[in-house]
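Trainee: So the protein lines, in turn, are chains A and G.
Each residue of the first sequence is one higher than the one before, counting from 1 in this note's numbering.
Each residue of the second sequence is one higher than the one before, counting from 1001 in this note's numbering.
C-beta: ideal position from N, C-alpha, C; glycine also.
Quick caveat: nothing in here was measured; it's all calculated off a predicted structure.
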Amino acid sequence: MFEARLAKGAIFKKILEAVKDLLTEASWDCGDMGITLQAMDNAHVSLVSLNLRSDGFDKYRCDRNLTMGMNLGSMSKILKCAGNDDIVTIRAQDNPDTVTFVFESENGEKQSDYEMKLMSLDLEHLQIPETEYACVVKMPAGEFARICRDLSQFGDSIVISCSKQGVKFSASGDIGSANVKLAQSSNVDKEEEAVTIEMQEPVSFTYACRYLNFFTKATPLSAQVKLSMSPEYPLMVEYAIDDIGQIRYFLAPKIED
Amino acid sequence: KQKQRSIASFFGGS
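(1) Using a Cβ distance threshold of 8 Å, determine whether the segment 217-224 of chain A contacts the segment 13-20 of chain A, with at least three qualifying pairs required.
(2) Kindly indicate the opening and closing residues of the beta strand (DSSP E) around Ala183/A.
(3) To test your reading of the DSSP string, which unbroken beta strand (DSSP E) runs of 3 or more residues are found completely within the segment 161-243 of chain A?
(4) Determine, using beta carbons only, whether Lys138/A comes closer than 8 Å to chain G.
(5) Whether or not the segment 98-108 of chain A and the segment 71-82 of chain A are in contact is what I'm after, with contact meaning three or more pairs of Cβ atoms, one per stretch, closer than 8 Å; do they touch?
(6) Do Phe250/A and Ile1007/G come within 8 Å of each other at the CB atom, strictly closer than that value?
(7) From the DSSP output, in three-state form, read off Glu124/A for me.
(8) Return yes when the C-beta of Leu23/A is under 7 Å from any heavy atom of the ligand MN, and no when it is not.
(9) Along chain G, which residues have their Cβ under 9 Å away from the Cβ of Leu47/A?
(10) Hey, does Ile128/A have any beta-carbon neighbour from chain G nearer than 8 Å?
(11) I want to see whether chain G comes within less than 8 Å of Phe250/A, judged by CB atoms only; does it?
(12) So which residues on chain G does Lys254/A lean against when the C-beta distance must stay under 8 Å?
(13) For Ser157/A, which residues of its own chain have a beta-carbon under 7 Å away from its beta-carbon, when the five flanking residues on both sides are left out?
(14) Excluding the five sequence neighbours on either side, which residues of its own chain have a C-beta within less than 8 Å of the C-beta of Thr24/A, listed in chain order?
(15) Spatial neighbours of Met119/A within its chain, please: C-beta separation below 8 Å, excluding the five flanking residues on both sides.
(16) Quick one: complete beta strand (DSSP E) runs, 3+ long, within the segment 4-53 of chain A?
(17) Taking only beta carbons into account, state which residues of the segment 220-250 of chain A come closer than 9 Å to chain G, listed in chain order.
(18) Along the alpha helix (DSSP H) that carries Ile147/A, what are the first and last residues, could you check?
(19) Looking at the unbroken beta strand (DSSP E) that takes in Ile78/A, where does it start and where does it end?
(20) Please confirm if Ala26/A has its CB atom under 8 Å from at least one CB of chain G.
(21) Does Cys135/A pass the burial test, meaning 16 or more other C-beta atoms within 10 Å, or should it be called exposed?
(22) For Ile87/A versus Ala183/A, is the C-beta spacing smaller than 8 Å?
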């Protein structure tokens, strides 16, 4: 059987919020090492890759590798039934048709279980190589969400340019243009408020606002976001998830036709 | 005019 118990059940609630607008359905692959999910959006422009390590769970048992196809809208509905402080357990048999979500209140006085039908999904699984990126920007996740939201008012695209001086976000359209520049933090008391840039070479790429705004739904998961860019390669937007794993979004840059 | 490649094409997919 499969059983994964997480005392901080709110993490599951936040993960669903971070993927449900971008993906309609996805396979959750469960094995000894933990739970992974990889899926493309409907337009196949972006890719979500989620990794939750088994040692990050309060209890984890996986007798046989499982692939559970789920409708994420349905899963999100169920996780909305969990309280923010609830302990969440996901349970399934070895060849499951259904998955069960169990929510327990902190004091143990309330327990609910929700059973959801699984789907058979035939999804392409991609190999994402580890890459050295030309630029890696780490910045407060809330700041990135704010910039994406603000600049989306000006056009469909945001240009992200990174140099030694800092990182610049730009957008332009019918009403005018906007630029937001962030310098690398010189003196930071709190690590989570820092802007740091690791650069091999300066880069400048154009990305669709629509997708960046989908990615920032993961903001409640993490204080910081990491943006990694290289020529001829998709942008990687990564949010750490406590000490259990991370969610990564990949987005192909816009190029001149 | 700008276009976007399929994300799969970067990772060896179709």
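Mentor: Here's the rundown:
(1) Below 8 Å, enough C-beta pairs join the segment 217-224 of chain A and the segment 13-20 of chain A to call them touching: three or more.
(2) 176-183
(3) 166-173, 176-183, 196-199, 203-208, 224-229, 235-241
(4) no
(5) yes
(6) Cβ atoms of Ile1007/G and Phe250/A: closer than 8 Å.
(7) coil
(8) As far as ligands go, the structure on display features none, and thus does not contain the ligand MN.
(9) Ile1007, Ala1008, Phe1010, Phe1011
(10) yes
(11) yes
(12) Gln1002, Lys1003, Gln1004
(13) Excluding sequence neighbours, Ser157/A sits near Ala171, Thr206, Tyr207, Ala208, Cys209, Lys254.
(14) Asn42, Asn71, Leu72, Gly73
(15) Glu25, Gly69, Met70, Asn71
(16) Listed in chain order, the complete beta strand (DSSP E) runs (minimum 3 residues) inside the segment 4-53 of chain A are 25-31, 34-40, 46-53.
(17) Glu232, Tyr233, Pro234, Phe250
(18) 141-151
(19) Ile78/A -> not in any beta strand (DSSP E); alpha helix (DSSP H) instead, spanning 72-79.
(20) no
(21) buried
(22) no
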